[in-house]
Amino acid sequence: MQPVAVTLSKCQDYSPVAVQAAVERMLANLGGIERFVSPGQSVLLKPNMLTDRNPDQAVTTHPEVVRALIRIVKKRGGRPIVADSPANVTKIERVWEQTGFRALCDAEDVPLLNLEKTGSVRMEAGGISFTVAKPVLEADVLVSIPKVKTHMLTIFTGAVKNLYGTIPGFQKATLHKAHPTPVEFGKLLAAIYTRTKPHLAVADAIVGMDGEGPSGGDPVKLGFLAASSDSVALDVVLCRILGIDTRSVPYFKPLKIASLGETDFSRIEMSGTPMRDLDHVRFRIPSTLTGRLIPRPLVKLLQPFIWIRPAFSNRCVSCKRCARACPMEALHIEPGSRPILDPKRCIGCCCCHEVCPERAVEMRLSPLLSFVRRGKLP
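Offset between the sequence shown (1-based) and the working numbering: plus 1024.
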């Protein structure tokens, strides 16, 4: 069995020349764009457009990374398309404007699809049912282009988690409700990966996000791009670079069990910039990792005392996005006031935290989890 290839390229900023050169180097290391795209083929480029934030905030994939791929695909004779289904926001057009993807696609003359309006196909994998947007399934080539970030529920979000955006509309909230725990959500992500496995993944790690990601953390300069034909192997390498234990990322185990991608770092062949030559960065992990430290036999016994719930600061502007995103309808907002939480309904999915435009949501740990985090328990 041949080792899986993952390639890295140092890239210090988002200047078009630097990004274009870095992406071209990585693709050359993987066998060239001709390995992935033939003339005339449709190529769906799937960035992370999580919500309506400026690219400098490191919440979404930077448009320059997508621009480089658009130009490479066009030069090969392919037909690039850009598409994503962001989190619960009022208007997808606002997401396009704020993230810079409307301007990018206009400048490069490529279609920018609203996956909420393109129709979807019901699919099943591993006993889990979901729908996937038709353009994702109909494209000849699928490219995942994630932003490298932490994630309050999955600890890390990369090329695999990015595929959650192939699911259109409010179904995302329904799936969060049906798969509320990290373990269950990890199985869901593995199921989605089974049906939407990309041909290529290119990760934007020039500036990532650490801390309370995927939208409430802090931008952190990482200074590189990464690529592979195996999204799972790519995420394993990214975790290795950032010091994240893959055992804490819930989708790796079901992917390994299903033999979907390479999860063993020792079987991954690295090329391009050596890992040791990347800038050393202290990458902060989300506070929600604390809950994973309690041994499983104790979890059921201690369940009433183990929870992660949102609290709302005075940054709140009563936009109601959190209430609309909540799959359990656990939030109620009176005009001009902060959200009121029904703790009995809350499942700790962090959806409210993910969509807040003001960073007004803090995911707080129960007293027991706080003790664990401070190392007070054996």
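Backbone N, C-alpha and C fix where the C-beta goes; we use that ideal spot for every residue, glycine too.
For Leu-1136, no alpha helix (DSSP H) segment is defined; the enclosing uninterrupted segment is the beta strand (DSSP E) at 1136-1138. Straight across, the Cα-Cα distance linking Gly-1056 with His-1356 is about 52 Å. Here the C-alpha atom of Gly-1150 lies approximately 12 Å from the C-alpha atom of Glu-1208. If you look at Ser-1252, you'll find it in the beta strand (DSSP E) that goes 1242-1252.
As for any alpha helix (DSSP H) of minimum length 4 sitting wholly inside the region 1115-1171, the runs are 1116-1123, 1125-1132, 1158-1162, ordered along the chain. Between Leu-1279 and Ala-1183, the gap from beta carbon to beta carbon reaches 8 Å or more.
Membership of Lys-1280 in the alpha helix (DSSP H) is indicated by the continuous run 1276-1281.
In the structure shown, the three-state DSSP call for Lys-1221 is coil. By the Cβ rule, the region 1190-1202 counts as touching the region 1365-1380, because three or more pairs are nearer than 8 Å.
Apart from sequence neighbours up to five positions away, the residues of its chain that approach Cys-1340 with a beta-carbon distance below 6 Å are Arg-1362, Ala-1384, ordered along the chain.
Sorting Arg-1271, Gln-1044, Ala-1029 by C-alpha distance to the C-alpha of Cys-1035 places Gln-1044 at the top.
Here Met-1050 carries a helix assignment [DSSP, helix/strand/coil]. DSSP places Thr-1181 inside the beta strand (DSSP E), whose first and last residues are 1179-1181. Here Leu-1266 has Phe-1307 as same chain residues with Cβ atoms under 7 Å from its own Cβ, once five neighbours each way along the sequence are excluded. The region 1048-1063 and the region 1138-1148 do not touch, with fewer than three beta-carbon pairs separated by less than 8 Å.
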